[in-house]
Ligand SMILES: [Ca+2]
Ligand SMILES: [Ca+2]
Ligand SMILES: [Ca+2]
Ligand SMILES: [Ca+2]
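Residue numbers (the numbering used here): 214 to 839.
So, in structure tokens, the structure goes:
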């Protein structure tokens, strides 16, 4: 009788197909109050329903022949996206939706053979560098298709010496079975001095990834010889003119000549001798950034012969005095020229617009990314300059100190570009009580929407200030696909709840299963490899770009992937993500329920446009520039 009644009701109320079903949890129990959304490609808004007491939902009057995507969410739990095609007018489709944790990580460090502790050399003098280090890189130094790890380390203070093996930088080779071997000694990468950050790419286009390591009074360029060893070419390359304190570096091709140029962020003027002493609650403590003089950043042009020219002055980059932390690259105005975002500590951020004539203009204020919505400069740390809402416009996410919250700027295009959407996106709900360092915008569950990860910890010794331990767990916020994010950190697995003084983070698919993994450093703590074990992760495609006219790694390439439903996703090639760290050069897309992409459009930095048709999912595509 109930079915008949429902059928009659349907006949009476609707003209057109319908879909209905139940929302359940992992153990099959009905879930009420779940938000079920139904959308078609290109639709500005989804149709929404809320599951009733017995978990049921329904949508009626669908458009005949239309393709729909259906999914359910509740309190951070979500269902995989399901697709349906609405058939003839009186058809009723039944689709049950199971909601569960979408993003799950397992700490597999103990099984990997990685045994590294980040040493900051602190001895109670509260030297500022002690709370600023921790860069890490994901790179494939031996081209075996498995991502390796390079991690920077501190030194003793005040002499800035790597006094003993505990201060060495390390290179870990991925044995392609998720075990790693320490190959530092053979590679010649133990380093010297007090290191901060790292930027990996193939600067000389010989097919082998090279390393630039930043630090106090000393930066180093290592050229990969291709035989498992590296050569210090800093002086030969003309990169030995350093400031007192470089934090991050990044590689990008600002003049699109096929050779990658080098951007270096500099923090503040600092020496152990001139270190100021500060107090907090009557006791010696780390000083505020305002107690130090800022520095200009640096830009070095790649001369294509292994040498670089310092163009900081002629490019205009050197005109802006900041307190530079993370650097990330995007193209905010879509003119094919890569722009530079620099997070500054406690002063306005910088956005350097690439003018295309070798000059940059600092436009953070007029484009809306200098301050947050409250008109406040935040203590910016790491940033990522990517498109979180798949509208083809690069957005900016950054993190900072616990009183600010982590800012999310959405790009609306010309003429005014960015608005602060930290509150409307829900990012503000979970971040004001946190301090973030490394971070990145990656699609951890491959549902087609880039999520947010933040490596989090307060300064050591701030127990009284933050009324908690400075060691904290990391944060992961899931992109719900409707402009908002849900904090799913507590649902991300037991290992994810582990607190530490987390700092740098690099992103790569270390086990080549299509789910992006994270390597995270922690002060006085273990380097941890969080393997992404998200259940019911969607289909995926990763692009490994091989530039011919463009730079070999294809950095700066902009990629649009068109899904079978007609929606598009956007991403670009960069290794400069987060704080003082360097991530894999591959460009990733989550495809959700779709096992192929009808079209992938690659816009190379050279200007070439390449279109790939009907690419099968769940693989790395090697794309050579035509
Ligand atoms: Ca490798
Ligand atoms: Ca966007
Ligand atoms: Ca996602
Ligand atoms: Ca993985």
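Even glycine gets a Cβ: it sits at the ideal position worked out from N, Cα and C. In this text, all values refer to a predicted model and were calculated from it rather than measured experimentally.
Under 8 angstroms between C-beta atoms of residue i and residue j
| i | j | result |
| --- | --- | --- |
| residue 585 | residue 591 | yes |
| residue 387 | residue 666 | no |
| residue 538 | residue 460 | yes |
| residue 416 | residue 473 | yes |
| residue 633 | residue 620 | yes |
| residue 816 | residue 771 | yes |
| residue 651 | residue 716 | yes |
| residue 647 | residue 669 | yes |
| residue 426 | residue 352 | no |
| residue 466 | residue 756 | no |
| residue 734 | residue 326 | no |
Proximal residues to residue i (C-beta, below 8 angstroms), its chain only, five neighbours per side dropped
| i | result |
| --- | --- |
| residue 277 | 229, 230, 299, 300, 301 and 302 |
| residue 581 | 622, 629, 630, 631, 632 and 633 |
| residue 615 | 645, 646, 647, 648, 671 and 679 |
| residue 295 | 282, 283, 284, 308, 310 and 806 |
| residue 221 | Any reading at residue 221 is ruled out, since the residue's pLDDT is 45, under 50, leaving its predicted position unreliable. |
| residue 830 | 752, 753, 754, 804, 807, 808, 809 and 810 |
| residue 217 | Because residue 217 carries a pLDDT of 47, less than 50, the predicted location of this residue cannot be relied on, and the following value inherits that uncertainty. Excluding residues within five positions, none has a Cβ falling inside 8 angstroms. |
Element boundaries [alpha helix (DSSP H), containing residue i]
| i | result |
| --- | --- |
| residue 324 | 322 to 325 |
| residue 678 | 676 to 679 |
| residue 335 | Neither: residue 335 is in no alpha helix (DSSP H) and is coded neither H nor E. |
| residue 579 | 577 to 580 |
| residue 397 | 397 to 400 |
| residue 254 | No alpha helix (DSSP H) holds residue 254; DSSP gives it neither H nor E. |
| residue 643 | 640 to 643 |
Segment limits, beta strand (DSSP E) that includes residue i
| i | result |
| --- | --- |
| residue 815 | 809 to 816 |
| residue 299 | Premise fails: residue 299 is in no beta strand (DSSP E) and is neither H nor E. |
| residue 352 | 349 to 352 |
| residue 242 | It is not in any beta strand (DSSP E) - residue 242 carries neither H nor E in the DSSP assignment. |
| residue 669 | 664 to 669 |
| residue 462 | 459 to 465 |
| residue 307 | 305 to 307 |
| residue 260 | 260 to 263 |
| residue 438 | Unbroken run through residue 438: none, as it is neither H nor E. |
| residue 520 | Taken as a continuous stretch (DSSP letters only), residue 520 belongs to no beta strand (DSSP E), as it is neither H nor E. |
| residue 412 | 408 to 414 |
Any C-beta of chain D under 8 angstroms from that of residue i
| i | result |
| --- | --- |
| residue 728 | Checking the listed chains, one finds no chain D in this structure; it contains a single protein chain. |
Sequence-distant residues of its chain with Cβ nearer than 7 angstroms to residue i (five each side left out)
| i | result |
| --- | --- |
| residue 292 | 284, 285, 310, 311 and 312 |
| residue 399 | 441 and 442 |
| residue 745 | 318, 657, 728, 729 and 730 |
| residue 827 | 809 and 811 |
| residue 839 | 821 and 823 |
| residue 711 | 320 and 686 |
| residue 270 | 233, 234, 236, 249, 262 and 264 |
| residue 514 | 474, 521, 522 and 524 |
Residue i CB to nearest heavy atom of ligand 2 below 7 angstroms
| i | result |
| --- | --- |
| residue 695 | no |
| residue 630 | no |
| residue 608 | yes |
| residue 604 | yes |
| residue 784 | no |
Residue i: CB within 7 angstroms of a non-hydrogen atom of ligand 4
| i | result |
| --- | --- |
| residue 729 | yes |
| residue 745 | yes |
| residue 722 | yes |
Bridge partners - residue i, DSSP secondary structure assignment
| i | result |
| --- | --- |
| residue 735 | 715 |
| residue 791 | 596 |
| residue 535 | 508 |
| residue 491 | 498 |
| residue 319 | 744 |
| residue 822 | 816 |
| residue 291 | 286 and 313 |
| residue 574 | 566 |
Near ligand 1: residue i beta-carbon under 7 angstroms from a heavy atom
| i | result |
| --- | --- |
| residue 725 | no |
| residue 361 | yes |
| residue 387 | yes |
| residue 354 | yes |
Chain-order list of residues whose beta-carbon lies under 6 angstroms from that of residue i (same chain, five-residue window excluded)
| i | result |
| --- | --- |
| residue 446 | 434 and 436 |
| residue 359 | 387 and 389 |
| residue 343 | 333 and 335 |
| residue 414 | 464, 473, 766 and 788 |
| residue 223 | Any reading at residue 223 must be qualified, since the residue scores a pLDDT of 47, below 50, and its modelled position is unreliable; no value is offered. |
| residue 778 | 254 and 280 |
Cβ-heavy atom distance, residue i to ligand 3, below 7 angstroms
| i | result |
| --- | --- |
| residue 158 | Since the first and last residues shown for the chain are 214 and 839, residue 158 lies out of range. |
| residue 691 | yes |
| residue 498 | no |
beta-carbon residue i near ligand 5 non-hydrogen atom, thresh 7 angstroms
| i | result |
| --- | --- |
| residue 667 | Absence of ligand 5 is noted for the structure shown, with ligand 1, ligand 2, ligand 3 and ligand 4 being the only ligands found. |
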